[in-house]
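As you go down the protein sequences, you meet chains A and B in turn.
To convert, take the position in the first sequence, counting from 1, and add 1000; that gives our numbering.
To convert, take the position in the second sequence, counting from 1, and add 1063; that gives our numbering.
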Amino acid sequence: EAQVTQNPRYLITVTGKKLTVTCSQNMNHEYMSWYRQDPGLGLRQIYYSMNVEVTDKGDVPEGYKVSRKEKRNFPLILESPSPNQTSLYFCASSLEQTGSNEKLFFGSGTQLSVL
Amino acid sequence: SQKIEQNSEALNIQEGKTATLTCNYTNYSPAYLQWYRQDPGRGPVFLLLIRENEKEKRKERLKVTFDTTLKQSLFHITASQPADSATYLCALGNSNYQLIWGAGTKLIIKP
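Structure follows, in structure tokens:
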């Protein structure tokens, strides 16, 4: 089954404790992206990647890191989480760049709480 | 600044009627517009894409219109069913690979 898999689904952590949220897609997609979703706001892009070893900042990259060492994986790293990073996070992928009008496939989300 | 507005209040519709959701934008010139459905605790799921040179797109019971003069897209669900209850997101894309999202409108279809 074609899908984007995120782990974990729920994560509670404390300020300053490094964490990684994993994302993997099995559709051989070129483009992958991370979003955060907060109540009353639209999805905001954190980072995106158009191909292996190519990553770029989105609208809200501060406090986050990503890597794209393999085509299928795009982990999101919070080196020193803070309470304002408490949010619902989504990984997404598409066959090509979104500028090519490609639809996005989303993972099921990771609800992160930073205490 | 660029702004996308979707009705933040939930839309309550009687089963069988047509549901119409609105997506308005300002200070933006999208090349295309997408609509997604999001169920509680799940990621958004793509529904329809419409380009700037298209007026209307249909898929089964769904219809999307795109009026670049009014800077508005309308999303219609005909013969609505309780299973259509969800939050619907619009997203506008430009030629620079930027995608801007609305906050979504919650649709409730009452039996």
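Each residue gets a CB set at the ideal place from its N, CA and C atoms; glycine is no exception.
Beta strand (DSSP E) containing asparagine 1051 of chain A: first to last residue?
From DSSP, the beta strand (DSSP E) with asparagine 1051 of chain A extends over 1044-1051.
Going by DSSP in three states, asparagine 1159 of chain B sits in which element: helix, strand or coil?
The answer is coil: DSSP assigns asparagine 1159 of chain B none of H, G, I, E or B.
Alpha-carbon to alpha-carbon, glutamate 1079 of chain A and glutamate 1096 of chain A
So the alpha carbons of these two residues sit roughly 29 Å apart.
Identify the contact partners of leucine 1043 of chain A in chain B, using a Cβ-Cβ distance below 7 Å as the criterion.
Taking a Cβ-Cβ threshold of 7 Å, the residues of chain B close to leucine 1043 of chain A are Trp1164, in chain order.
If we call anything under 7 Å between Cβ atoms a contact, is asparagine 1007 of chain A one with threonine 1022 of chain A?
Yes, they are a contact pair.
Chain-ordered chain A contacts of glutamine 1097 of chain B [CB-CB under 7 Å]:
For a Cβ distance threshold of 7 Å, residue set Lys1103 of chain A lies close to glutamine 1097 of chain B, ordered along the chain.
Out of curiosity, what's the CA-to-CA distance linking glycine 1165 of chain B and leucine 1084 of chain B?
Rounded to whole angstroms, glycine 1165 of chain B and leucine 1084 of chain B show a C-alpha spacing of 12 Å.
Contact defined as beta carbons within less than 8 Å: I believe tyrosine 1099 of chain B pairs with lysine 1066 of chain B. What is the distance between those atoms, to the nearest angstrom?
With a Cβ gap of about 19 Å, tyrosine 1099 of chain B and lysine 1066 of chain B do not count as contacting.
Pick helix, strand or coil for asparagine 1007 of chain A, following the three-state DSSP scheme.
Looking at asparagine 1007 of chain A - three-state DSSP - the assignment turns out to be strand.
Classify aspartate 1038 of chain A as helix, strand or coil using the three-state DSSP reduction.
The answer is coil: DSSP assigns aspartate 1038 of chain A none of H, G, I, E or B.
Proximal residues of chain B, C-beta to C-beta of phenylalanine 1090 of chain A below 7 Å:
Here the neighbours are Gly1106.
Assign alanine 1002 of chain A to one of two classes, buried (16 or more other C-beta atoms within 10 Å of its C-beta) or exposed (fewer than that).
So alanine 1002 of chain A counts as exposed.
For glutamine 1069 of chain B, three-class secondary structure by DSSP:
Taken through DSSP and simplified to helix, strand or coil, glutamine 1069 of chain B comes out as strand.
Check asparagine 1084 of chain A in the structure and name its three-state DSSP category.
If DSSP states are grouped into helix, strand and coil, asparagine 1084 of chain A belongs with the helices.
Are at least three pairs of beta-carbons, each pair with one atom in the segment 1144-1153 of chain B and one in the segment 1094-1112 of chain B, less than 8 Å apart?
Segments in contact, yes.
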